Amino acid sequence: MARFCTKCGTQMDDQARFCPNCGVPIAPGSAAPSGWVQPSAAPFSQTPVAPGPAAPSGWVQPSAAPFSQAPLYAAGAERRGIPFPGFSDRVNHPEILAAFRKSRKASKGFAFILAVIPLIGFPIYSLSDDKMELSQAIMYGGILSAIFLGFAVFGFIRANAKNSYEATVIDKKTRAIYSRDSADSTRYITVVRTTTGKQKKIVEHDSSQLWAWDYLQVGARFRCHPQFNFPYELYDKSRAPYLACVSCATQNSIESDRCRRCNLPLLK
Numbered sequence: 018m019a020r021f022c023t024k025c026g027t028q029m030d031d032q033a034r035f036c037p038n039c040g041v042p043i044a045p046g047s048a049a050p051s052g053w054v055q056p057s058a059a060p061f062s063q064t065p066v067a068p069g070p071a072a073p074s075g076w077v078q079p080s081a082a083p084f085s086q087a088p089l090y091a092a093g094a095e096r097r098g099i100p101f102p103g104f105s106d107r108v109n110h111p112e113i114l115a116a117f118r119k120s121r122k123a124s125k126g127f128a129f130i131l132a133v134i135p136l137i138g139f140p141i142y143s144l145s146d147d148k149m150e151l152s153q154a155i156m157y158g159g160i161l162s163a164i165f166l167g168f169a170v171f172g173f174i175r176a177n178a179k180n181s182y183e184a185t186v187i188d189k190k191t192r193a194i195y196s197r198d199s200a201d202s203t204r205y206i207t208v209v210r211t212t213t214g215k216q217k218k219i220v221e222h223d224s225s226q227l228w229a230w231d232y233l234q235v236g237a238r239f240r241c242h243p244q245f246n247f248p249y250e251l252y253d254k255s256r257a258p259y260l261a262c263v264s265c266a267t268q269n270s271i272e273s274d275r276c277r278r279c280n281l282p283l284l285k
């Protein structure tokens, strides 16, 4: 006995459990509803169609655009200026790299000048005042210059040794530093776990910028780029309170594409 869908009337095999046309589940032994008639297909119209107007001289039929297999939202795409989740590829942007090299060059020049000042200043002081002999002035100036230069070299080596890492914030806490029963300062500690499973602590003081403490919330996924002035990049920037310039650390709205102060591209 033929079986028919009780909803659309499509004829089905005896073993079918669902209508192949509308997908409705079919109970065993279902037949067409009483009085139902299988609709016939509409007859094909043989009425001729009038030809359209001829194409203008020189007109060429445009070819159809190829279908794009690219995703609807590529990595780094934006919603009205608000970036989609993901890490930016602007870390290697030519303008950002050029600003980074310029900043490093200026830092090295400042460190060199700072190291030379004592070596020149002490002998000048000795020549203008009899309280210190010239040999002593040169020795003291040389020692102080060596100390300044050593700190500068150590800072550059330490900065170059740091690598970028990806992590998630797992805890935040503060710790007061006491001296003679009074709180002299407070440490702000942001605890993170890297993708390799290693736990790190980002320690900041109330006397300095609290970038990690203010910018990174518990549960936030981020990358740290230690070579930049502002090193933190959130994975989901749509939840960020602002976008900071990696060079000058100026706070910009998350809809901005460039820094309002130095005009460098923002990481988005």
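Every number in my numbering is 17 more than the matching position in the sequence shown, counting from 1. Glycine included, every Cβ here is placed at the ideal spot set by N, Cα and C. As the structure is a prediction and not an experimental result, all values here were calculated from the model.
Look at the alpha carbon of residue i and the alpha carbon of residue j, and state the distance between them as a whole number of angstroms.
i: L227; j: L144; result: 46 Å
i: S273; j: H242; result: 21 Å
i: Y249; j: K217; result: 14 Å
i: T211; j: T191; result: 21 Å
i: F61; j: R256; result: Caution applies to F61, whose pLDDT of 47 falls short of 50 and renders its modelled position unreliable; the model cannot decide the point.
i: M149; j: V133; result: 19 Å
i: I141; j: G167; result: 23 Å
i: Q153; j: V209; result: 50 Å
i: M156; j: D223; result: 38 Å
i: K254; j: S120; result: 26 Å
i: D147; j: I174; result: 40 Å
i: S202; j: A184; result: 27 Å
i: T27; j: R20; result: 8 Å
i: A163; j: I137; result: 13 Å
i: D231; j: G98; result: 23 Å
i: G214; j: S225; result: 29 Å
Once the 5 residues before and after residue i are set aside, which same chain residues still bring their CB inside 7 Å of it?
i: Y259; result: Q268, N269, S270, I271
i: F247; result: W228, A261, C262, V263, A266
i: C276; result: C262, C265, T267, N269, L283
i: D31; result: R20
With a 10 Å radius around its C-beta and 16 neighbouring C-beta atoms as the bar for buried, classify residue i as buried or exposed.
i: F171; result: exposed
i: C25; result: exposed
i: C279; result: exposed
i: P100; result: buried
i: K125; result: exposed
i: R118; result: exposed
i: F129; result: exposed
i: P111; result: exposed
i: S105; result: buried
Cβ of residue i within 8 Å of Cβ of residue j?
i: A193; j: T207; result: no
i: F139; j: G158; result: yes
i: R204; j: V220; result: yes
i: A123; j: L281; result: no
i: V186; j: L114; result: no
i: C39; j: M29; result: no
i: L283; j: V108; result: no
i: P135; j: L161; result: yes
To which residues does DSSP link residue i through a beta bridge?
i: L260; result: N269
i: T212; result: Its beta-bridge partners do not exist; DSSP assigns none.
i: L131; result: In DSSP, L131 forms no bridge with anything.
i: Q226; result: None, per the DSSP bridge assignment.
i: Q28; result: F21
i: D188; result: V208
i: F239; result: A184, L251
i: P282; result: R275
i: A193; result: T203
Less than 6 Å between C-beta atoms, sequence neighbours within five positions excluded: which residues of the same chain meet that for residue i?
i: Y182; result: T211, C241
i: C265; result: R278, C279
i: F245; result: V263
i: R238; result: T185, Y252
Looking only at its chain, what residues have a beta carbon closer than 8 Å to the beta carbon of residue i, apart from the 5 residues adjacent to it on each side?
i: V235; result: V186, I187, D188, K189
i: L131; result: F165, A169
i: Y195; result: D201
i: N180; result: P243
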